[in-house]
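Contents: one structure, followed by commentary.
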Amino acid sequence: MTNTTTSPLRPPRVRQPELALWLQSRTKTVYDSWLARVHAYPPSASGRVLAPLAEADLRRIYTDLCASLETGRFAAFDESLTTITRESYRNSYRLSDLLYILIALTDQVWQASTAEFLPEQALAYMHALNSTLSSALTHVARVYNEEVQAGVAVDLERAQWRLAQLDRAKSSFISIAAHELKTPLTLIQGYSDILISDLIDPNNERAVFVAKGLAAGAKRLQQIVNDMIAVSMIDNEMLALHLQPTSLSHVVHIVVNDLKTEMTDHQVALEIAPFDPTIRPIFADPQRLYDMFTHVIGNSVKYTPDSGHIKIAARLLSPGQDEEPVIEITIADDGIGIAPEHRERIFEKFYGTTDVMRHSSGRTKFKGGGPGLGLVVAKGIVEAHGGKIWVESPGYDEVKRPGTTFHILLPMRTTSPSTHDRLRLDLNPARP
Ligand code: ADP
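Using my numbering, the letters of the sequence shown correspond one by one to residues 643 to 1074.
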């Protein structure tokens, strides 16, 4: 080889065009052996048989590598590598397969050159190949990663589209089902009322029991239908609020009073800490707030085992300059708690953490999962008032009972807003 010097003081030097000529003349010892090797890949360390590239692809790599080394122009080689990498990605090759195939070529060059030359000379051939192959490896890795990223972006877009479709399907299901249930429900309620008041002999205990059961079932169904209607309105941003001066303390006390039977059944002790005296009545929809608190406090009763405690407290958060004061209401129980992976998702439609088999017709039966709409309604109502709701819990544990705390923020709006005026809280309290 003309440019090769074997002086021990100066390492031999092989230029790339020379390497190209040598590679072209050694297709048997380099290319053919590489091809055979790639096609007979042994299982990798993980036991997986590496997928060999098609022969045409390997030939293309080899030919374009030689041409690039000969001319010093690497654009065509890069282009071939780009195309092959993209196709390989689409055919589920792993990046490690591709890199291994290129490294196998280097190894083959090393084997052929050491068989033919003295070690220093063989090293010189490797040296000439080194920079080209290492940039080929980098190029393949970059193109492959670009493909992965593009694939992830497409998958993500597809998943988001599917999620949006699913959400629309859920919304229209809720709205249709609520609409369809309304008429038969009114009939059941009306007839069970007639049965109780006019038709049944009040001394016939069994008949009274059955008719009252019918009326109670219809009432529970009515609550579910109301939630479905509310969710459908929230989804369509049509939840109307009838704003009037409302005492939060008053609403909370009514809700707690209405849940008394359930609390007695569960032997749950509920304490309402005296509300911060600076909290004034706010312009709000008392009925909607009643529904919201019923869902949140009702859940505390439902997910707190017998002889548990619930504490409700309210304070005024000191506002920043030019900011509206904000009321924070906390509802803390020492019940079973919520696992971290469920904390955000419990505010989604139909999301429940309990086994479907445990679903119960009772509104507050211990752990008796409901339809999974209560917190969606609660969140929609809070947000329609310009507020925020979130949950904190150290985790789920039925024995240790780490408990759950719901936080509700409502702006202390003391002047009458216009109907379309929806408040938006800028305040972003630090959440642990
Ligand atoms: P559901 O009708 O299932 O009660 P919700 O929307 O009211 O639907 O609640 C969603 C889920 O949030 C419940 O299934 C329950 O797993 C969880 N959850 C809500 N409140 C509590 C709480 N205080 N303690 C523990 N888990 C709760």
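Think of the CB as a built atom: it goes at the ideal place given N, C-alpha and C, for glycine as much as any other residue.
Nearer than 7 Å: is that true of the beta carbon of residue i relative to any heavy atom of the ligand ADP?
{"i": "ARG993", "result": "Correcting the residue identity first, residue 993 is Tyr in this sequence and not Arg. Yes, the Cβ of TYR993 comes within 7 Å of a heavy atom of the ligand ADP."}
{"i": "THR1057", "result": "no"}
{"i": "VAL894", "result": "no"}
{"i": "GLY832", "result": "no"}
{"i": "ILE954", "result": "no"}
{"i": "ILE980", "result": "yes"}
{"i": "LEU1015", "result": "yes"}
{"i": "ASN941", "result": "yes"}
{"i": "TYR742", "result": "no"}
{"i": "TYR786", "result": "no"}
{"i": "HIS1083", "result": "The question about residue 1083 has no answer here: the residues shown for the chain are numbered 643 through 1074."}
{"i": "GLY977", "result": "yes"}
{"i": "TYR945", "result": "yes"}
{"i": "THR972", "result": "no"}
{"i": "THR1046", "result": "yes"}
{"i": "VAL1012", "result": "The displayed chain sequence assigns Gly, not Val, to residue 1012. Indeed, a heavy atom of the ligand ADP lies less than 7 Å from the Cβ."}
{"i": "VAL1018", "result": "yes"}
{"i": "ILE988", "result": "yes"}
Taking Cβ positions, are residue i and residue j nearer each other than 8 Å?
{"i": "PRO887", "j": "PHE917", "result": "no"}
{"i": "THR774", "j": "LEU711", "result": "yes"}
{"i": "HIS937", "j": "LEU1017", "result": "yes"}
{"i": "HIS895", "j": "ILE914", "result": "yes"}
{"i": "SER722", "j": "ASP706", "result": "yes"}
{"i": "ILE921", "j": "ALA882", "result": "no"}
{"i": "PHE1048", "j": "ILE1023", "result": "no"}
{"i": "ARG1043", "j": "ASP948", "result": "no"}
{"i": "GLY979", "j": "SER1035", "result": "yes"}
{"i": "VAL943", "j": "GLU904", "result": "yes"}
{"i": "LEU837", "j": "LEU863", "result": "no"}
{"i": "ILE954", "j": "ILE969", "result": "no"}
{"i": "LEU959", "j": "MET870", "result": "no"}
{"i": "ILE988", "j": "VAL1019", "result": "no"}
{"i": "ALA770", "j": "LEU661", "result": "yes"}
{"i": "LEU695", "j": "VAL680", "result": "yes"}
{"i": "VAL785", "j": "THR724", "result": "yes"}
{"i": "LEU912", "j": "ILE952", "result": "yes"}
{"i": "VAL782", "j": "LEU741", "result": "yes"}
{"i": "TYR945", "j": "THR1046", "result": "yes"}
{"i": "GLY940", "j": "LEU901", "result": "yes"}
{"i": "VAL873", "j": "ILE816", "result": "yes"}
{"i": "ASP1075", "j": "SER777", "result": "With the chain represented from 643 up to 1074, any question about residue 1075 goes unanswered, as that position is not in the structure."}
Assign residue i to one of three DSSP states: helix, strand, or coil.
{"i": "GLN807", "result": "helix"}
{"i": "ILE1031", "result": "strand"}
{"i": "ASP975", "result": "strand"}
{"i": "PHE1048", "result": "strand"}
{"i": "THR1057", "result": "coil"}
{"i": "ILE842", "result": "coil"}
{"i": "ARG987", "result": "helix"}
{"i": "ILE954", "result": "strand"}
{"i": "ILE914", "result": "strand"}
{"i": "ALA882", "result": "coil"}
{"i": "GLY962", "result": "coil"}
{"i": "PRO1013", "result": "coil"}
{"i": "PHE925", "result": "strand"}
{"i": "VAL968", "result": "strand"}
{"i": "HIS1001", "result": "Any reading at HIS1001 must be qualified, since the residue scores a pLDDT of 49, below 50, and its modelled position is unreliable; the value itself is stated next. HIS1001: coil per DSSP, three-state reduction."}
{"i": "PRO887", "result": "strand"}
{"i": "ASN733", "result": "coil"}
{"i": "GLU660", "result": "helix"}
{"i": "ASP948", "result": "coil"}
{"i": "GLU721", "result": "helix"}
{"i": "VAL1019", "result": "helix"}
{"i": "PHE935", "result": "helix"}
{"i": "ILE896", "result": "helix"}
{"i": "LEU823", "result": "helix"}
{"i": "PHE815", "result": "helix"}
{"i": "ARG655", "result": "coil"}
{"i": "GLN763", "result": "helix"}
{"i": "THR671", "result": "helix"}
{"i": "LYS861", "result": "helix"}
{"i": "GLN666", "result": "helix"}
{"i": "ILE980", "result": "coil"}
{"i": "GLN791", "result": "helix"}
Is there a C-beta anywhere in chain C that falls below 8 Å from the one on residue i?
{"i": "MET768", "result": "Looking at the structure shown, chain C is missing, and only one protein chain is on hand."}
Item to check | Given 8 Å, three or more beta-carbon pairs between the region 872-892 and the region 853-862 | outcome: By the Cβ criterion, the region 872-892 is not in contact with the region 853-862, since fewer than three pairs of Cβ atoms, one from each stretch, lie closer than 8 Å.
Item to check | Three-pair Cβ contact test at 8 Å for the region 736-749 versus the region 661-680 | outcome: Judged by pairs of C-beta atoms under 8 Å, the region 736-749 touches the region 661-680, as three or more such pairs exist.
Checklist entry - Does the count of Cβ pairs from the region 712-720 and the region 787-802 closer than 8 Å reach three? => result No contact exists between the region 712-720 and the region 787-802.
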